[in-house]
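Engineer: This note's numbering puts the first residue of the sequence shown at 6, with every later residue one more than the last.
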Amino acid sequence: MKQLALVVCNNGLGHLKRSLFLLKLLYDCYPVAFQTHIFVDLRKLKHFQFLIEDFKKRGYKIHFLNIESEVLNYEEEFLGKYKAHLAKTDYFWSDNLLFPLKYRREVFLTGSFLWSEVIRTDKKLKKEKELYLTKRPSMIGNKYFATPLVKENPSFMGVGIYNYFLDQVPSKNQRHVLLSCGKTKEGSHFFKKSLPKIQAGLRRLPQHVQVFVEPEFYPALKESNGIRKAAFTRQMFSSILAAVIRPGMGTVCDVLSKGGRIFSFFEQGNFETVYNSRVLEKFQVGEQFTEIDVALAAGVDYLFDEQKQKRHRAALRKLDFNGLETTVKKMREILN
6 MKQLALVVCN NGLGHLKRSL FLLKLLYDCY PVAFQTHIFV DLRKLKHFQF
56 LIEDFKKRGY KIHFLNIESE VLNYEEEFLG KYKAHLAKTD YFWSDNLLFP
106 LKYRREVFLT GSFLWSEVIR TDKKLKKEKE LYLTKRPSMI GNKYFATPLV
156 KENPSFMGVG IYNYFLDQVP SKNQRHVLLS CGKTKEGSHF FKKSLPKIQA
206 GLRRLPQHVQ VFVEPEFYPA LKESNGIRKA AFTRQMFSSI LAAVIRPGMG
256 TVCDVLSKGG RIFSFFEQGN FETVYNSRVL EKFQVGEQFT EIDVALAAGV
306 DYLFDEQKQK RHRAALRKLD FNGLETTVKK MREILN
């Protein structure tokens, strides 16, 4: 039986979410005879218990091994704990981490950017970037959000937006907003600094507007009318018209695939979120702001602007939402 190692970046939840959904679709759609070892922070698995239980129920040969480090220390922890897997694994699949390229030829990547573009002063990441530019590994990523450096790779394969819910976009009748900063330390810190302005903005909400807020900050915001704790379920994303978010790819895909418009905020100097915000504006499905309360006000205004909603739906119809299926097809070609 072939051995597949899946190395997952631990920053936020988007990398793990993409990897697990792709792995599920790979096992579901093809009778692959693989045993997969996934290297990731095991604490993050609690957010995807429904997928883990499905893997167990179907008898998929998937094993999880713990790595708690984020980008800069991930390789060191991997080598300290699991170096033996470098020799016995037939294929390496890495989501947004380049270090496996140092040790094996049979490496393919998923992702839309390189960490050297985000953390530009780190010498180790600069060397990994040079290795990437030399080896030009197969890389599958979102064709809309992939950075120019990624797109320049002749082995890059662009795919559409990842639709994790795989059903039709519902008609939007409810005036609901999502207010979320994601699960990164940077996003939480930026949101916390803005709490007084956010609280003031929520107190000015029009009647019949509901805002789903980041669970971490729900206790600080729940006193305002119309505030609910965000559950990030299919039902929640189906009901929201506007999403006021720090635009990580996981939430961006969920919002767009369910027809919502994105009002993004970000801390200055963060390459990934700034870049994603510009892409959203380019395709006319989002707007960018530097202050969360200003983004929230714009999102609430959108709930009452039917002409803007109509233009947004027209822009969405021009996008490809088959990213998961296309990625799995390309993965299958690599693994054959």
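Backbone N, C-alpha and C fix where the C-beta goes; we use that ideal spot for every residue, glycine too.
Quick check on DSSP: helix, strand or coil for VAL290?
Structural biologist: Position 285 of the sequence shown, counted from the start, is the residue given in the question as residue 290. Coil at VAL290, not helix or strand.
Engineer: So, does the region 142-160 touch the region 181-190, judging by three or more C-beta pairs under 8 Å?
Structural biologist: Segments in contact, no.
Engineer: I'd like the span of the beta strand (DSSP E) that includes THR115, first residue to last.
Structural biologist: Residue mapping note: residue 115 aligns to position 110 of the sequence shown, counting from 1. Residues 112-115.
Engineer: On the three-state DSSP scale, how would you describe GLY146?
Structural biologist: As a first step, residue 146 must be located in the sequence shown, where it is residue number 141. In this structure, GLY146 counts as strand in the three-state DSSP scheme.
Engineer: Are ALA10 and TRP98 closer than 8 Å when you measure CB to CB?
Structural biologist: The count along the sequence shown starts at 1 and reaches residue 10 at position 5. The count along the sequence shown starts at 1 and reaches residue 98 at position 93. Yes. Within cutoff.
Engineer: Got a sec? Which residues, its chain only, sit under 8 Å from ILE250 by beta carbon, not counting five neighbours each side?
Structural biologist: As a position in the sequence shown, residue 250 is number 245, starting the count at 1. Excluding positions up to five away in sequence, the list reads LEU183, LEU184, SER185, CYS186, GLY187, THR256, VAL257, VAL260, ILE267, PHE268, SER269, PHE270.
Engineer: Tell me the DSSP secondary structure of HIS52 in three-state form.
Structural biologist: Counted from its first residue, the sequence shown places residue 52 at position 47. Helix, per DSSP.
Engineer: Where does ALA10 fall in DSSP's three states?
Structural biologist: Counted from its first residue, the sequence shown places residue 10 at position 5. Three-state DSSP puts ALA10 in a strand.
Engineer: Once the 5 residues before and after GLN289 are set aside, which same chain residues still bring their CB inside 6 Å of it?
Structural biologist: Here residue 289 refers to the residue found at position 284 of the sequence shown. The answer, listed in chain order, is ALA320.
Engineer: What is the DSSP secondary structure of ARG316, reduced to helix, strand or coil?
Structural biologist: Walking along the sequence shown from the start, residue 316 turns up at place 311. Note: ARG316 maps to helix in three-state DSSP.
Engineer: Once you ignore the five residues that flank ARG208 on each side, which residues in its own chain have a CB closer than 6 Å to its CB?
Structural biologist: Position 203 of the sequence shown, counted from the start, is the residue given in the question as residue 208. Only SER229 meet the Cβ criterion.
Engineer: Is the region 156-167 touching the region 132-148 in the sense that three or more CB pairs, one from each, lie closer than 8 Å?
Structural biologist: The region 132-148 is in contact with the region 156-167.
Engineer: Go through the region 19-85 residue by residue and report every complete run of the alpha helix (DSSP H) that reaches 4 residues or more, in order.
Structural biologist: Correct list: 19-34, 54-63.
Engineer: Determine the extent of the beta strand (DSSP E) in which ARG233 is found, giving its start and end residues.
Structural biologist: As a working note, residue 233 is residue 228 in the sequence shown. Segment 232-234, the beta strand (DSSP E) holding ARG233.
Engineer: Specify the secondary structure class of ALA92 as computed by DSSP and reduced to three states.
Structural biologist: Residue 92 sits at position 87 when you count from the first residue of the sequence shown. Note: ALA92 maps to helix in three-state DSSP.
Engineer: Going along the chain, which residues of its own chain have a beta-carbon closer than 6 Å to the beta-carbon of ASN71, five neighbours each way excluded?
Structural biologist: For the purposes of this step, residue 71 is taken as the residue at position 66 of the sequence shown. Excluding positions up to five away in sequence, the list reads LEU47.
Engineer: Less than 7 Å separating the Cβ of LEU56 from some heavy atom of the ligand GTP?
Structural biologist: Looking at this structure, you won't find the ligand GTP or any other ligand, since it has none at all.
Engineer: Residues in its own chain within less than 7 Å of LYS131 by CB, not counting five upstream and five downstream?
Structural biologist: The count along the sequence shown starts at 1 and reaches residue 131 at position 126. So the list reads SER121, once near-sequence residues are dropped.
Engineer: What whole-angstrom Cβ distance do LEU103 and GLU133 have, given they're in contact under 8 Å?
Structural biologist: Mapped onto the sequence shown, residue 103 falls at position 98. Mapped onto the sequence shown, residue 133 falls at position 128. Indeed they touch by this definition, with Cβ atoms about 4 Å apart.
Engineer: May I ask which residues mark the beginning and end of the alpha helix (DSSP H) holding VAL363?
Structural biologist: Residue 363 lies beyond the residue range present for the chain, which begins at 6 and ends at 341; the question has no answer from this structure.
Engineer: Exposed or buried, which one is ASN78 when buried takes at least 16 other CB atoms within 10 Å?
Structural biologist: Mapped onto the sequence shown, residue 78 falls at position 73. With fewer than 16 other Cβ atoms within 10 Å, it is exposed.
Engineer: Return yes when the Cβ of PHE53 is within less than 8 Å of the Cβ of LEU28, no when it is not.
Structural biologist: Translated into the one-based positions of the sequence shown, residue 28 becomes position 23. Translated into the one-based positions of the sequence shown, residue 53 becomes position 48. No, the Cβ-Cβ distance between LEU28 and PHE53 is not below 8 Å.
Engineer: What span of residues does the beta strand (DSSP E) with VAL216 cover, start to end?
Structural biologist: Along the sequence shown, read from residue 1 onward, the residue named residue 216 stands at position 211. Residues 215-218.
Engineer: Measure how close the beta-carbons of LEU30 and VAL333 come, nearest whole angstrom, since I'm counting them as under 8 Å.
Structural biologist: Position 25 of the sequence shown holds residue 30. Position 328 of the sequence shown holds residue 333. Correct: roughly 5 Å between the Cβ atoms.
Engineer: Taking contact to mean at least 3 C-beta pairs separated by less than 8 Å, is the region 192-204 in contact with the region 288-304?
Structural biologist: Enough Cβ pairs lie closer than 8 Å, so yes.
Engineer: Within this structure, are the beta carbons of GLU272 and GLU221 separated by less than 8 Å?
Structural biologist: Residue mapping note: residue 272 aligns to position 267 of the sequence shown, counting from 1. Residue mapping note: residue 221 aligns to position 216 of the sequence shown, counting from 1. No, these two residues do not count as a Cβ contact at 8 Å.
Engineer: According to DSSP, simplified to helix, strand and coil, what is GLY274?
Structural biologist: As a first step, residue 274 is located in the sequence shown; it is residue number 269 there, counting from the start. GLY274: coil per DSSP, three-state reduction.
Engineer: By the 10 Å Cβ neighbour count, where 16 or more other Cβ atoms means buried, how is ALA235 classified, buried or exposed?
Structural biologist: Locating residue 235 in the sequence shown gives position 230, counting from the first residue. Buried, since its Cβ has 16 or more Cβ neighbours within 10 Å.
Engineer: Do the CB positions of LYS263 and PHE170 come within less than 8 Å of each other?
Structural biologist: Locating residue 263 in the sequence shown gives position 258, where the first residue counts as 1. Locating residue 170 in the sequence shown gives position 165, where the first residue counts as 1. Yes. Within cutoff.
Engineer: Going straight from the alpha carbon of GLU277 to that of LEU210, what length do you get?
Structural biologist: Taking the sequence shown and counting its residues from 1, the one referred to as residue 277 is at position 272. Taking the sequence shown and counting its residues from 1, the one referred to as residue 210 is at position 205. Taking the straight line joining both Cα atoms gives about 30 Å.
Engineer: Locate the beta strand (DSSP E) running through LEU184, then write down its first and last residues.
Structural biologist: Translated into the one-based positions of the sequence shown, residue 184 becomes position 179. Unbroken beta strand (DSSP E) run through LEU184: 181-185.
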